[in-house]
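Written out below as structure tokens is the structure these notes cover.
In UniProt numbering, the protein residues as written are 1 to 485.
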């Protein structure tokens with residue numbers, strides 16, 4: 001079970017005073033009250049996408065400007081109050097899980113698109129703008145923002161930066177880190193800084209690279225400058241269904257080995273196929289043990305050429321069926337089930353853990369076989385749906401949170417999957433982050449010296465470990481987890 005630190009009693013004793021001070025710093029305005037302190041109104045903020053764990057915070061602050069964020073951080077730093085940054089709360093690793101003595105800074109009111117520069121192909125947005133909101137804003141002019149997490153309708157760009165989110169199209173266009181130009185941030189002391197800018201490859205140390213994926217441990221991101229890209233002339237998807245998960249894994253390895261880089265290459269196994277078909281009625285073959293969704297883009301001629309080569313590759317693995325979309329509507333139908341996969345699995349299991357490990361694509365057949373064996377060992381069903389092209393696995397382990405033994409087995413099963421990912425040359429996380437979920441597995445991937453170096457970087461930005469403490473680092477390396485006075 002995940003351990004959280006005991007609250008600082010001195011802070012808890014001053015709770016009402018702290019809330020009153022925060023209300024003076026962030027008075028609200030046209031959008032209404034900006035500081036929440038009532039227990040019932042704190043309930044929506046007590047958890048994130050890792051909903052098996054819950055803890056109401058001391059208070060929630062909803063600033064509207066970078067200056068208000070800076071004022072709150074200065075106050076919290078001066079008074080030794082822990083701070084939890086929060087976007088939409090879609091984190092599946094507990095990245096926004098509160099602490100009892102912490103102030104949650106929610107950035108959802110900072111949701112303006114400040115600038116769009118088509119000539120230089122960039123947009124400047126506040127941290128609370130949704131991922132899909134960027135694409136929707138520029139789509140009418142033929143542009144889009146490439147990273148597309150499954151939660152893109154809700155997840156916010158500040159959280160994407162914190163977790164270095166990816167999505168189905170990261171195979172061709174990269175994850176968040178590959179689509180950023182600049183950041184505005186606030187340190188724990190309340191200092192406002194800017195890194196990067198409106199161009200690639202800023203001079204000096206790569207501060208933006210350090211901050212991206214830092215999970216709110218180093219600063220709070222308030223504005224982001226992103227790359228926007230010209231939309232392709234067109235795109236089409238194909239669906240390839242196979243007799244076994246290992247066969248489908250071998251087909252993925254062959255596609256990547258051929259040198260063809262599809263826009264997306266997604267994998268679903270039989271439990272996920274059945275759940276998604278019942279949910280979305282996308283026309284998936286129910287006799288398949290696994291299927292691949294492959295998307296290409298370009299001119300009509302380029303699409304035809306790439307899809308022809310992909311069909312030839314898939315044909316070598318004796319597929320049950322090969323279906324190539326001929327229209328945009330048929331492509332949307334193929335994607336419909338995949339986009340709704342997490343919700344679909346939620347209909348057939350009271351709860352599930354969504355894992356997030358990354359492996360070399362050549363290891364897919366072996367790893368999928370081992371996950372199947374582990375499923376039998378732990379007596380828990382697992383549905384596999386993931387970004388196969390870059391080896392980013394998302395096994396969905398089904399359990400019942402009302403049954404403590406079921407929950408314990410699910411966590412142990414998930415830990416074994418992540419250990420397997422590291423064992424075959426992969427890593428603990430591809431896009432969900434470490435948060436609290438993988439915190440105690442960090443020493444599986446990193447040596448003591450590597451963790452000590454990471455801890456030193458955290459301490460340089462946040463000497464008192466007030467920013468999103470109790471996350472990322474295991475107990476022996478985490479002052480934020482030490483018993484509070």
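Backbone N, C-alpha and C fix where the C-beta goes; we use that ideal spot for every residue, glycine too.
Rounded separation between residue i and residue j - CA only
| i | j | result |
| --- | --- | --- |
| residue 81 | residue 154 | 29 Å |
| residue 160 | residue 397 | 24 Å |
| residue 45 | residue 302 | 48 Å |
| residue 380 | residue 308 | 39 Å |
| residue 538 | residue 315 | Lying outside 1 to 485, the shown extent of the chain, residue 538 is not represented and no answer is given. |
| residue 453 | residue 203 | 24 Å |
| residue 322 | residue 271 | 20 Å |
| residue 113 | residue 124 | 6 Å |
| residue 393 | residue 371 | 11 Å |
| residue 427 | residue 41 | 38 Å |
| residue 535 | residue 116 | Nothing can be reported for residue 535, as the shown portion of the chain is limited to 1 through 485. |
| residue 306 | residue 121 | 27 Å |
| residue 63 | residue 33 | 10 Å |
| residue 470 | residue 300 | 51 Å |
| residue 474 | residue 441 | 7 Å |
| residue 292 | residue 198 | 37 Å |
| residue 312 | residue 240 | 11 Å |
| residue 55 | residue 273 | 35 Å |
| residue 15 | residue 226 | 38 Å |
| residue 208 | residue 318 | 46 Å |
| residue 463 | residue 456 | 9 Å |
| residue 127 | residue 224 | 6 Å |
| residue 237 | residue 31 | 43 Å |
| residue 89 | residue 260 | 36 Å |
| residue 408 | residue 304 | 49 Å |
Per-residue DSSP class, three states only, for residue i
| i | result |
| --- | --- |
| residue 258 | coil |
| residue 22 | helix |
| residue 54 | coil |
| residue 438 | coil |
| residue 169 | coil |
| residue 133 | helix |
| residue 238 | strand |
| residue 354 | strand |
| residue 44 | helix |
| residue 222 | strand |
| residue 390 | helix |
| residue 475 | helix |
| residue 264 | strand |
| residue 410 | helix |
| residue 196 | strand |
| residue 71 | helix |
| residue 163 | helix |
| residue 247 | helix |
| residue 319 | coil |
| residue 113 | strand |
| residue 157 | helix |
| residue 305 | helix |
| residue 398 | strand |
Residue i: CB within 7 Å of a non-hydrogen atom of the ligand PLP
| i | result |
| --- | --- |
| residue 341 | This structure does not include the ligand PLP; it has no bound ligands of any sort. |
Outcome for residue i when other beta-carbon atoms lying within 10 angstroms are tallied against a minimum of 16
| i | result |
| --- | --- |
| residue 458 | buried |
| residue 377 | exposed |
| residue 331 | buried |
| residue 467 | buried |
| residue 484 | In this predicted model, residue 484 has a pLDDT of only 46, less than 50, meaning its place in the structure is not dependable enough to derive any value. |
| residue 184 | buried |
| residue 352 | buried |
| residue 1 | exposed |
| residue 20 | exposed |
| residue 86 | buried |
| residue 10 | exposed |
| residue 477 | buried |
| residue 327 | exposed |
| residue 374 | buried |
Under 8 Å between C-beta atoms of residue i and residue j
| i | j | result |
| --- | --- | --- |
| residue 289 | residue 243 | yes |
| residue 156 | residue 130 | yes |
| residue 91 | residue 433 | yes |
| residue 104 | residue 57 | yes |
| residue 368 | residue 266 | no |
| residue 436 | residue 142 | no |
Below-8 Å beta-carbon distance, residue i vs any chain C residue
| i | result |
| --- | --- |
| residue 216 | Although the question refers to chain C, the structure presented lacks it and comprises just one protein chain. |
Stretch pair the segment 168 to 179 + the segment 109 to 122: three plus CB contacts closer than 8 Å: By the criterion of at least three beta-carbon pairs nearer than 8 Å, the segment 168 to 179 is not in contact with the segment 109 to 122.
The segment 57 to 75 / the segment 182 to 190 touching (three or more Cβ pairs under 8 Å): Pairwise C-beta distances place the segment 57 to 75 in contact with the segment 182 to 190, as three or more of them are shorter than 8 Å.
Touching by the beta-carbon criterion (3+ pairs, under 8 Å), the segment 246 to 258 and the segment 361 to 368: With a cut-off of 8 Å, the segment 361 to 368 and the segment 246 to 258 count as touching, because enough Cβ pairs lie within range.
Three or more C-beta pairs below 8 Å linking the segment 5 to 15 and the segment 84 to 104: The segment 5 to 15, when compared against the segment 84 to 104, does touch it at the 8 Å Cβ threshold.
The segment 332 to 346 / the segment 413 to 420 touching (three or more Cβ pairs under 8 Å): Per the Cβ contact rule, the segment 332 to 346 is not in contact with the segment 413 to 420 (fewer than 3 Cβ pairs under 8 Å).
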